[in-house]
Amino acid sequence: MISRPCSATLGQSVVLQAAIFDVDGTLADSERDGHRVAFNRAFAQSGLDWEWSVATYGELLAVTGGKERIRHFAAQHAPQWLQRPASEAWLTGLHRLKSEIYAQLVGAGRIALRPGVARLLGELRRAGVRLAIATTTTPSSLHSLLLTRFGDRAESLFEVIGAGDVVADKKPAPDIYRWVLRQMNLPPQACLAVEDSLPGLRAATAAGIPTVITVNAYSADDDFAGALSVLSDLGEPGAPARRLAGAPLVGECVDLAQLRLWQRKAVVDMNH
0 MISRPCSATL
10 GQSVVLQAAI
20 FDVDGTLADS
30 ERDGHRVAFN
40 RAFAQSGLDW
50 EWSVATYGEL
60 LAVTGGKERI
70 RHFAAQHAPQ
80 WLQRPASEAW
90 LTGLHRLKSE
100 IYAQLVGAGR
110 IALRPGVARL
120 LGELRRAGVR
130 LAIATTTTPS
140 SLHSLLLTRF
150 GDRAESLFEV
160 IGAGDVVADK
170 KPAPDIYRWV
180 LRQMNLPPQA
190 CLAVEDSLPG
200 LRAATAAGIP
210 TVITVNAYSA
220 DDDFAGALSV
230 LSDLGEPGAP
240 ARRLAGAPLV
250 GECVDLAQLR
260 LWQRKAVVDM
270 NH
């Protein structure tokens, strides 16, 4: 039985007003068969003998940001590339090439939205819930994905998009979420974040935003203590989401009513 807040606490600031979504691994299955493949093709085209396996890329996901990921790998395995006078320009160019290859993969239909994403975004939009994005992916990669999957609606679907280097410190730092909150002029308790990873969870909760997790192949075994609820995905009619931990899921799918229930529970817990 989920407790309900007393009427005195139900001010405008605690009603669910916005949902903030991560992108890679959350909106779309884009990490293993999208970004990883694009990195490897960029390495090959640049004359590098690097090959990021599925397992290696899973380890590198602890480093947020594509350029940061390349720098981290080079520092461990080929530090000479970072010791050259033009190393920063080389790093930027390599990451730009990777982003171009990723856009080609997206355009070819290689990257699918996760179950329930299009359904839930549509329901939230129709109900007047504000939508935003908080991601470390580059604006160009994000634009390619949104344009391919949502067409002309992409530009108006999300009110605020925090992507790439809009803040200096990336997840698990809370900066990107705090930036989005400032743009929307909302308190954190009026929002819910939807994430797929530990860095994402830590970023959102450090900004004070209650967070729902939908795991993917890379994060399925992680301990998401502190999340409102941990799920296999958002679910579709006839293909139910599975609750893995945290607050219960009512019905087959995550919908607006469910998000409101979870957010209200989070506000009650904050007030006690």
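First residue of the sequence shown: 0, per numbering that gives the first Met the number 0; consecutive thereafter. Every residue, glycine too, gets a C-beta built ideally from N, C-alpha and C.
| query | Alpha carbon to alpha carbon, what distance is there between residue 239 and residue 251? | reply | Counting from one through the sequence shown, the residue named residue 251 turns up at place 252. Counting from one through the sequence shown, the residue named residue 239 turns up at place 240. Using only the alpha carbons, I get a separation of about 4 Å.
| query | So what's residue 230 in DSSP terms, helix, strand or just coil? | reply | As a working note, residue 230 is residue 231 in the sequence shown. If DSSP states are grouped into helix, strand and coil, residue 230 belongs with the strands.
| field | residue 23 in three-state terms, based on DSSP | value | Translated into positions along the sequence shown, residue 23 becomes position 24. Correct three-state label for residue 23: strand.
| Can you tell which of 44, 50, 63 and 195 has its C-alpha closest to the C-alpha of residue 168? | The residue you call residue 168 lines up with position 169 of the sequence shown. The residue with the shortest Cα to Cα distance from residue 168 is 63.
| Taking Cβ positions, are residue 249 and residue 257 nearer each other than 7 Å? | Start at 1 with the first residue of the sequence shown, and residue 249 comes out as number 250. Start at 1 with the first residue of the sequence shown, and residue 257 comes out as number 258. Yes. Within cutoff.
| said: Strictly by DSSP, which residues pair up with residue 162? | reply: As a first step, residue 162 is located in the sequence shown; it is residue number 163 there, counting from the start. The partner list for residue 162 (beta bridge, DSSP) is empty, contrary to what the question assumes.
| request: Taking only beta-carbon positions, decide if residue 97 is within less than 7 Å of chain D. | output: No chain D appears in this structure, which consists of one protein chain only.
| query | What are the boundary residues of the beta strand (DSSP E) that residue 36 is part of? | reply | Start at 1 with the first residue of the sequence shown, and residue 36 comes out as number 37. That residue, residue 36, is in no beta strand (DSSP E); its alpha helix (DSSP H) goes 35 to 44.
| said: Starting from residue 154, trace the alpha helix (DSSP H) in both directions and tell me its first and last residue. | reply: Position 155 of the sequence shown, counting from 1, holds the residue named residue 154. Taken as a continuous stretch (DSSP letters only), the alpha helix (DSSP H) holding residue 154 covers 153 to 156.
| query | By DSSP, does residue 340 sit in helix, in strand, or in coil? | reply | In the structure displayed, the chain extends from 0 to 271; residue 340 sits before or after that span and is not available.
| request: Look up residue 54 in the DSSP assignment and say whether it is helix, strand or coil. | output: Your numbering for residue 54 matches position 55 in the sequence shown. In this structure, residue 54 counts as helix in the three-state DSSP scheme.
| field | Straight-line Cα distance separating residue 179 from residue 157 | value | Indexing the sequence shown from 1 puts residue 157 at position 158. Indexing the sequence shown from 1 puts residue 179 at position 180. Roughly 11 Å separates the two Cα atoms.
| Residues in its own chain within less than 7 Å of residue 214 by CB, not counting five upstream and five downstream? | The residue labelled residue 214 in the question sits at position 215 within the sequence shown. Cβ neighbours of residue 214 beyond the five flanking positions: 195, 229, 231 and 243.
| query | Secondary structure at residue 126, three-state DSSP: helix, strand or coil? | reply | Along the sequence shown, one-based indexing puts residue 126 at 127. Reduced to three states, the DSSP call for residue 126 is helix.
| said: Using a Cβ-Cβ cutoff of less than 7 Å, which residues in the same chain neighbour residue 86 once the five nearest sequence positions on both sides are dropped? | reply: Here residue 86 corresponds to residue number 87 of the sequence shown, with the count starting at 1. Excluding positions up to five away in sequence, the list reads 80.
| task | Can you give me the start and stop residues for the alpha helix (DSSP H) that residue 147 sits inside? | result | By 1-based counting over the sequence shown, the position of residue 147 is 148. Element bounds for residue 147: 138 to 149.
| field | Collapsed DSSP secondary structure at residue 172 in the structure displayed | value | Locating residue 172 in the sequence shown gives position 173, counting from the first residue. Correct three-state label for residue 172: coil.
| Beta-bridge partners of residue 287, as assigned by DSSP | Outside the displayed range of the chain (0 to 271) lies residue 287, so it cannot be described from this structure.
| query | Counting pairs of Cβ atoms below 8 Å between the region 96 to 104 and the region 24 to 38, do you hit three or more? | reply | yes
| field | Whole-number beta carbon distance between residue 122 and residue 26, since they are thought to touch under 8 Å | value | Taking the first residue of the sequence shown as 1, we reach residue 26 at position 27. Taking the first residue of the sequence shown as 1, we reach residue 122 at position 123. Actually they are not in contact, since the Cβ atoms of residue 26 and residue 122 sit about 15 Å apart, beyond 8 Å.
| request: Taking residue 22 and residue 197 to be in contact with their CB atoms under 8 Å, please state how far apart those CB atoms are, rounded to whole angstroms. | output: Looking up residue 22 in the sequence shown gives position 23. Looking up residue 197 in the sequence shown gives position 198. Going by Cβ atoms, the distance from residue 22 to residue 197 rounds to 16 Å, so no, they are not a contact pair.
| field | the region 159 to 168 contacting the region 186 to 194, beta-carbon criterion three pairs below 8 Å | value | no
| query | Can at least three beta-carbon pairs, one atom from the region 124 to 136 and one from the region 168 to 177, be found at a separation below 8 Å? | reply | yes
| field | Residue range of the beta strand (DSSP E) that includes residue 210 | value | For the purposes of this step, residue 210 is taken as residue 211 along the sequence shown, with counting starting at 1. Here the beta strand (DSSP E) through residue 210 covers 210 to 213.
| task | Taking residue 59 and residue 71 to be in contact with their CB atoms under 8 Å, please state how far apart those CB atoms are, rounded to whole angstroms. | result | On the sequence shown, position 60 is the one that residue 59 refers to. On the sequence shown, position 72 is the one that residue 71 refers to. That belief holds up - the Cβ atoms of residue 59 and residue 71 are roughly 7 Å apart, short of 8 Å.
| query | Just to confirm, are residue 115 and residue 233 a CB contact at a threshold of 7 Å? | reply | As a first step, residue 115 is located in the sequence shown; it is residue number 116 there, counting from the start. As a first step, residue 233 is located in the sequence shown; it is residue number 234 there, counting from the start. Yes; because the gap between Cβ atoms is below 7 Å, this pair is in contact.
| 7 Å CB neighbourhood of residue 273 in its chain, flanking five on each side removed | The chain is shown only over 0 to 271; residue 273 falls outside these bounds and no answer can be derived.
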